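2 protein chains.
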Amino acid sequence: MNDKTVADDLAKKHKSISIAEFFEKNRHLLGFDSKVKAMLTCVKEAVDNSLDACEENASELKKKKKNFELPNILVRIDNVQNDIYKIIVEDNGPGISPKIIPQVFAKLLYGSKFHRLKQGRGQQGIGISASILYGQLTTGKPARIISRISPNQPARIVELMIDIKNNDASIIRDEEFAKFANETGTRVEIIIEGTYYKTGDKSVYEYLRRTSIVNPHARITFIEPDGNKIIFKRAVESLPRETKEIKPHPWGLELGILIRMLKETKKNTVLSFLTDEFSKMGSTSAKAILEHSKVNPKRKPSSLTVEEATDVLKFMQKAELQRPPTDCLSPVGRGAIEKSLKLEYNPEFIAATTRAPNVYRGYPFQVESAIAYGGDIPEGNANLMRIANKVPLLYESGACAITAGVSEMDWKRYGVNKPSNSSMPQAPLILLVHICSVWVPFTSESKAAIANYPIIIKEIKLSLQECARQLNVFLRKKMKAKKEALRISTFIKYGGVMAKALSDLTNKDSKEIEKTINKLIEKKFGINADETKKRMIEAEKKKEGGE
Amino acid sequence: MNDKTVADDLAKKHKSISIAEFFEKNRHLLGFDSKVKAMLTCVKEAVDNSLDACEENASELKKKKKNFELPNILVRIDNVQNDIYKIIVEDNGPGISPKIIPQVFAKLLYGSKFHRLKQGRGQQGIGISASILYGQLTTGKPARIISRISPNQPARIVELMIDIKNNDASIIRDEEFAKFANETGTRVEIIIEGTYYKTGDKSVYEYLRRTSIVNPHARITFIEPDGNKIIFKRAVESLPRETKEIKPHPWGLELGILIRMLKETKKNTVLSFLTDEFSKMGSTSAKAILEHSKVNPKRKPSSLTVEEATDVLKFMQKAELQRPPTDCLSPVGRGAIEKSLKLEYNPEFIAATTRAPNVYRGYPFQVESAIAYGGDIPEGNANLMRIANKVPLLYESGACAITAGVSEMDWKRYGVNKPSNSSMPQAPLILLVHICSVWVPFTSESKAAIANYPIIIKEIKLSLQECARQLNVFLRKKMKAKKEALRISTFIKYGGVMAKALSDLTNKDSKEIEKTINKLIEKKFGINADETKKRMIEAEKKKEGGE
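Printed below as a string of structure tokens:
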């Protein structure tokens, strides 16, 4: 009895791990596993936030019947020295209230988007602070935030680092700042260790180009480290549909969540709890559910036992309810996607489609696709653009539901070659697939790939098939037109020879016969044979002359 | 100026997200994406903890020159109803101090293993609370922990749930408990929604079987839902080498970490900071580093600027230092692996190897491999056992460095067929690869696959090659022996005929010639031809009789 137990010794070694410490050691989970990827991840997190903020600002101002601006984003990357870069992202959004700047930028797991059910680019409250964490870890430098929330107030400048042990901000500078050009908006500057690629599949340029394609209402200016300036113009001048927050839908609801909601609700009765805190749950359905589960509708929600909650959930999920509402979703829209892709690739053919929303695990989601063919699109493997909530995904293609959808399709049926050892069809194609949802099921915190839910893959295939059917019609017409053109030109070319042969055979005037043939051609193909022949001869001459 | 800005409105929507809320919504990141995987993950997290605790207990008691027991683990899975199971894991470890039971089991990111550099099964402080979170989410039921820390004290029983919003324990029951059989130890009971597979690559049985192979000092009793009892016996009766905690090594050290260490150290001078807080940093090296970076050795560590720290780090990483110490690592050892695999598969051939430690990003790691051939091992694709810190990995094989290592090897060179479209060689083979490290670089929180660091893949290939070379020698000998046996038997079979032909040719007595031939055979192959012939004839007769 004199000495301590081993358990007592071991207990002393236990302590809490801050989420900042956890991600400092596991930064690869957040997309910071290589210098190239880190560069892209930093830009992506800042641009995603800017676009979300600009849209929320415009929506709010529109609601208040005030003037609003469409998103104007500046991305600038400066090479500080060797592989040290300063990333600057500036927007004309609402700015960020000085009270919350420290947490927004220097506290992991803090934000406005995690707890709501509404489509947005950010959803975890990790991204931007993780970028600042990465900068601090690799260069030891603080991040700088400049923000202005009203044209009537000066901007503030804040320099901060993350206090890793406490997952909180350590403020280095916080003062007024006169020189911010935008009336309202935010500017973020992070200094990181990175590698800059000017072009390529995983370059910042490619990310911004794709961002601008699926955000045609945004204007993005990009200044590269060498000073080169690229402007991605707006393709449309209107704001996308505003999304509305929805309540959870009983489908896919988990028992633990229901129990937690029962404990936390402010409603006084189970009946009002059911009707007020869920989507598509009318009073008739709610009453029936409670009757089946033998729970008095007037009971206090927090009084339900686990067994009662289990029963209620069972009948909630059996009830014939309408699908969740879909005004929480904001697809880009076929018209806007087509416009963007035309501007970018000048294709021979384009088809886009936006499917009706569907549901996975109780979350509404929607898939839209586009297929563009020819024009400035290079030959070889099709170029797949994976997009989630209007954010292009450039990494982990192999793990993504979108890649699975493309790969599983029978492209031959649509007149497109796909070698069996390749996951991509081979043709001058752009395939764009956009999934939007109130909660995109990413495979990791780095938000690079979408989990392979069968219902999601099915929607992806259906939407691509819709476009591919039109592509097939186009390709067949194109093939037919090519064949026909060859047939007509042969016909016209040898019209005289044929006429002569017929004239010998029938003893009729060859000129007359040729005229009859030409009339036939004109009637059948709607082409003036004489003129076409002249053009053909001229073209031939030109060709010979040119050689 | 009358109304609020949009930024003010938005600020109100921001709030903290608890890590428990985060993982409740993202449970797939922790290995709870399907019912089959969830079952395995729960068992795995509990068994990992038990083995770690038992080993720490034994080491501590050994150090104090007291009696200690080798690990005795009981795993029992009861089917409560439909797809609801109760998972019970009990050990003879040190027990858990009642003070920390709430945090150990109901607080994510809490533990003793994250902050230390020492090989262990757990490393994140997430696993067991995540399992309890999953149980609570799917069944609404609390977890039960029974723990006894001394034979002189009664056990305690604690029932708890996780308070999701606060990431902390909510205690339902906490009292003395008389009926715990072990003198010290812990028993965990979690009720979850799951799917039970009796056998197969991803079954609990397979996980425990592999666990017992690489933990030959542990005895594991497994009681299946149908009551069937399986005992995995100990293959060795001694404790594995105890691991020692090490200090960080300058290789792979990141600037942000160095700056944080400079701020947090209790040392008074930079010189003592460098020599006392790092591995393999002698006073001569430290002085040289500070001289190069023009930092006075007597400076207070926290007074260094970011620029000075950057310089110090640069010279720390240029300095010619010894590799990190390796007593932080505890491989299974060739002998123990061979013994385990022989017990399990009774193979014709087995080779195992333990490589010298190497370093990735400053962390020591070590690879050991084994190849077993034939015996009870089935034909077809080789069976790959991936192991990390003595824990078998059953999921995400495609993303794992071990699979990459096996797949990249040129198996044909070692006499083993590997079709080009397969990542596995085809032969009756068991390939076992174990990586141990103070920090295993897993690709996700579910700890299912090892990140593809080139240096790790290289070590995996080198260790497999060592075994494969021996396998090749064995396979060639086997082939040669087979050919030779065929040649000798032909020789003996036709000895008489040959003798007769030679007798006709030479006019000598055929019996004499046959004797000479038999003598030749005896001399060359060490075989008595007469006896062998007799045996062959008998065998032939037997065969005919049997047909």
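Line by line, the protein sequences give chains U and V.
Letter 546 of the first sequence, counting from 1, is numbered 546 in the working numbering, and no numbers are missing.
To convert, count from 1 in the second sequence and add 547; that's the working numbering.
Backbone N, C-alpha and C fix where the C-beta goes; we use that ideal spot for every residue, glycine too.
A quick note: this is a predicted structure, and the numbers were derived from the prediction, not measured.
If you ignore the 5 residues before and after THR243 of chain U, its C-beta comes within less than 8 angstroms of the C-beta of LYS118, GLN119, GLY120, ASP327, CYS328, LEU329 and SER330, all in its own chain and listed in chain order. Distance from the CA of ASP823 of chain V to the CA of PRO844 of chain V, rounded to the nearest whole angstrom, comes to 13 angstroms. Boundaries of the beta strand (DSSP E) around GLN628 of chain V: 619-628.
According to the DSSP assignment, PRO392 of chain U belongs to no alpha helix (DSSP H) but to the beta strand (DSSP E) extending over 391-393. HIS115 of chain U sits in coil when the DSSP states are folded into three classes, being neither helix nor strand. If you compare the alpha carbons of U:VAL359, U:LEU321 and U:TRP411 with that of ILE371 of chain U, the shortest gap goes to U:TRP411. Using a Cβ distance threshold of 8 angstroms, ILE1004 of chain V and GLY945 of chain V do not count as a contacting pair.
For GLY282 of chain U, the number of other beta carbons within 10 angstroms of its own is below 16, and it is reported as exposed. Neighbourhood of PHE32 of chain U in chain V, by CB distance below 7 angstroms: empty, with the nearest CB roughly 11 angstroms away.
Per the C-alpha coordinates, the member of U:LYS202, U:ALA106, U:GLU291 and U:ILE402 positioned closest to ASP311 of chain U is U:GLU291. Cβ neighbours of LEU576 of chain V within its own chain (closer than 8 angstroms, five residues either side excluded): PHE570, SER991, GLU992 and SER993.
When Cβ-Cβ separations below 8 angstroms define contact, ASP9 of chain U makes contact with chain V. With contacts defined by Cβ atoms closer than 8 angstroms, ASN714 of chain V and LEU598 of chain V do not form a contacting pair.
Chain-order list of chain V residues neighbouring PHE278 of chain U: empty, with the shortest C-beta distance near 17 angstroms, by a criterion of under 8 angstroms.
Following the DSSP letters along the chain, one finds PHE222 of chain U inside the beta strand (DSSP E) bounded by residues 219-223.
Inside the region 234-316 of chain U, DSSP marks whole alpha helix (DSSP H) runs of 4 or more residues at positions 255-264, 270-277 and 283-292, from first to last along the chain.
Per DSSP, the continuous alpha helix (DSSP H) segment holding PRO649 of chain V begins and ends at 648-653. About 13 angstroms separates the Cβ atoms of LEU802 of chain V and LEU133 of chain U, ruling out a contact at the 8 angstroms cut-off.
Between the region 427-443 of chain U and the region 331-345 of chain U, the count of C-beta pairs closer than 8 angstroms reaches three or more; the two stretches touch.
Contact of LYS560 of chain V with chain U is assigned, a C-beta pair being separated by under 8 angstroms.
Of all C-beta pairs linking the region 178-195 of chain U to the region 85-96 of chain U, three or more are shorter than 8 angstroms, placing the two stretches in contact. Cβ-Cβ distances below 8 angstroms link THR731 of chain V to ASN604, ASN639, GLY640, PRO641, GLY642, ARG695, ILE696, SER697 and PRO698 in the same chain, with the five nearest sequence neighbours on each side left out; the list follows chain order.
For the region 639-663 of chain V, the set of positions with a beta-carbon nearer than 8 angstroms to some beta-carbon of chain U reads PRO641, GLY642, ILE643, SER644, LYS646, ILE647, GLN650, VAL651, LYS654, LEU656, TYR657, GLY658, SER659, PHE661, HIS662 and ARG663 in chain order. Boundaries of the beta strand (DSSP E) around GLN913 of chain V: 910-920.
Residues of chain U whose Cβ lies closer than 7 angstroms to the Cβ of SER697 of chain V are, in chain order, THR5.
Contact note: THR900 of chain V does not reach chain U at a C-beta cutoff of 9 angstroms; the least C-beta distance is about 29 angstroms.
For GLU854 of chain V and GLY669 of chain V, the gap between their C-alpha atoms comes out near 36 angstroms. Rounded to the nearest angstrom, the gap between the Cα atoms of GLU1006 of chain V and LEU40 of chain U is 31 angstroms. For the pair ALA948 of chain V and LYS99 of chain U, the CB atoms are not nearer than the 8 angstroms cut-off. When 8 angstroms is used as the limit between beta carbons, LYS141 of chain U is near these residues of chain V: VAL853, in chain order.
Of the residues U:ALA501, U:ASP78, U:ILE517 and U:CYS54, the one whose Cα lies closest to the Cα of ALA529 of chain U is U:ILE517. One alpha carbon belongs to ASN79 of chain U, the other to VAL36 of chain U, and they sit about 14 angstroms apart.
Taking C-alpha positions only, ASP556 of chain V is separated from VAL391 of chain U by approximately 25 angstroms. In terms of beta-carbon proximity, GLN136 of chain U lines the interface with chain V, with at least one pair separated by less than 8 angstroms.
Listed in chain order, the positions of the region 989-1003 of chain V with a beta carbon within less than 8 angstroms of a beta carbon of chain U are THR990, SER991, GLU992 and ALA998. The Cβ atoms of LEU1018 of chain V and PHE896 of chain V sit closer than 8 angstroms to each other.
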